[in-house]
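First up is the structure itself, then whatever we jot down about it.
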Amino acid sequence: MLNAKLATLALSLESGALATLFSDMPNQQVLLLFLFAHAGASVCLALFAWALMPAQYQQPRRWALLFLFSFSFFIPFMGLVGLFVGILVAAYLPLIRREKGFETVAIPEYVNLSGNVKIRYDAGGIRARLLDQNASLESRLKAMMAIQQMPSRLSSPLLRQMLTDPADDIRLVAYGMLDQREKAINHKITEEMANLDDNASPVARQTSLRHLAELYWELVYQGLVQGDVRKHAIGQSMEYVAQSLELTPDEPGLWVLQGKLINELGQISAAGIAFQRAIDLGYPAIRLLPYQAEMAFVQRDFQRVRQLLSEMSAFDNSEKTQALVKFWRMPETKADESTT
């Protein structure tokens, strides 16, 4: 009832204000009467509109009323009419709600991702299963879980290849595995950096430096970093190896690690010198034969490759090694032609 009276009074005062503009009174008197009536109409309309506003818009009361009054007062007639019509439309017209239709979807297939998946095929079988776009998503996800039991150096390139797979689930799982492995190593690096104290004993400092060098090398060895990040990891590992060698220059394991890092940079001759230094310090020569054979192959020294692989076959009876040795025992012309 009060709202109706306020609306009626506002319209009456505004009508009276407009009527004074057409009267024969002096201009100054007309202006004063118009402003007085128009201000009264604006006050009544502001109270009327404020009462119909939602509760969340009514506070703070002073500023809400001032805004409504200003809108009506400083836009004579049109502001009052616009505010009056707008508040009535907002308050009394029914809301238009669009019905959101329901859609029937198929029940998703349950996939057990517990991680306790028994490998029923080797690394080659896992790769073939993952790359088979015609295989079911469930079988491919099981193959993804089986990757966890493979060495990281073998599985990381395959996981990186899966990042471009058309299936969202495959991409997400592959990214999650790679990210988890990288974060685990980076977390260890952060912890080891905290232990690296200039005031620590030489033994403790050397241990921290060596651990940092090995952790950065793991990022490279496992294929978890690429591009500039990989170069940075190699540089950091070499820096910590150099600092560690300053404290323990006769540590053969550090020379081996330095040789691996230099070899990654393509400096084969320098890597060979580091490996030989490790052997001179007592590192088992047979453990470096695979690296030396690889470097000899890159240098196209096939005769040395045969020699090194023959030495490997004496202690490594694995199927892959024996097959490799058998290949290189072929007549030299055939083997050399196959590698060119």
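All residue numbers for the sequence shown refer to the working numbering, where the first residue is 129 and numbers rise by one. No residue lacks a Cβ here, since even glycine has one placed at the ideal position from N, Cα and C.
Proximity of residue i and residue j at Cβ, strictly below 8 Å
i: Y349; j: R281; result: yes
i: L286; j: E342; result: no
i: I407; j: A413; result: yes
i: G351; j: S284; result: yes
i: L417; j: L436; result: yes
i: S336; j: E346; result: no
i: P330; j: L291; result: no
Inter-residue spacing [alpha-carbon to alpha-carbon] between residue i and residue j
i: S151; j: L160; result: 13 Å
i: L409; j: M423; result: 21 Å
i: G210; j: I203; result: 10 Å
i: A302; j: R288; result: 7 Å
i: Y411; j: L382; result: 10 Å
i: S427; j: M272; result: In the sequence as presented, Ser is not what sits at residue 427; that position holds Gln. Answer to the nearest angstrom: the Cα atoms are 37 Å apart.
i: V245; j: S372; result: Only weak support exists for where V245 lies, its pLDDT of 46 falling under 50; the value from the coordinates is given anyway. Roughly 42 Å between the two C-alpha positions.
i: M153; j: L141; result: 18 Å
i: K448; j: S441; result: 10 Å
i: D293; j: Q276; result: 18 Å
i: A299; j: Q184; result: This sequence places Arg at residue 299; Ala is not what is there. So the alpha carbons of these two residues sit roughly 45 Å apart.
i: Q364; j: Q334; result: 15 Å
i: Y419; j: Y368; result: 22 Å
i: L193; j: L175; result: 7 Å
i: A263; j: D297; result: 14 Å
i: L269; j: V233; result: 22 Å
i: S198; j: A179; result: 17 Å
i: M458; j: A312; result: 45 Å
i: G144; j: M181; result: 27 Å
i: G387; j: G400; result: 7 Å
i: G253; j: S446; result: 19 Å
i: A328; j: V357; result: 30 Å
Same chain, Cβ closer than 8 Å to residue i, neighbours up to 5 away in sequence not counted
i: T148; result: V158, L161, F162, A165
i: D104; result: The displayed coordinates of the chain run from 129 to 468. Any statement about residue 104 would go beyond what the structure contains.
i: A167; result: F201
i: I396; result: M423, V426, Q427
i: Q106; result: Outside the modelled stretch of the chain, which goes from 129 to 468, sits residue 106, for which no answer is possible.
i: I317; result: L340, L343, Y344
i: Q261; result: P294
Buried or exposed (CB count within 10 angstroms, at least 16 for buried), residue i
i: W191; result: exposed
i: N391; result: buried
i: F403; result: buried
i: V171; result: buried
i: A361; result: buried
i: G355; result: exposed
i: A451; result: exposed
i: A322; result: exposed
i: R255; result: buried
i: A169; result: buried
6 Å CB neighbourhood of residue i in its chain, flanking five on each side removed
i: R432; result: A424
i: R434; result: W456
i: P471; result: Outside the modelled stretch of the chain, which goes from 129 to 468, sits residue 471, for which no answer is possible.
i: L324; result: S336
i: V476; result: With the chain represented from 129 up to 468, any question about residue 476 goes unanswered, as that position is not in the structure.
Residue from the options whose Cα sits closest to the Cα of residue i
i: P279; options: L291, K454, E266, R309; result: R309
i: S438; options: L352, E447, R428, A421; result: A421
i: A274; options: L291, M305, P380; result: M305
i: P236; options: V426, A322, L291, L265; result: L265
i: L173; options: P188, T136, A183; result: T136
i: V353; options: D325, A322, M366, N314; result: N314
i: L258; options: L375, A295, S336, S329; result: A295
i: H339; options: N262, M366, V453; result: M366
i: K359; options: G387, L393, A332; result: L393
Beta-carbon proximity list for residue i, same chain, < 7 Å, skipping 5 on both sides
i: F443; result: I414
i: N155; result: none
i: E231; result: none
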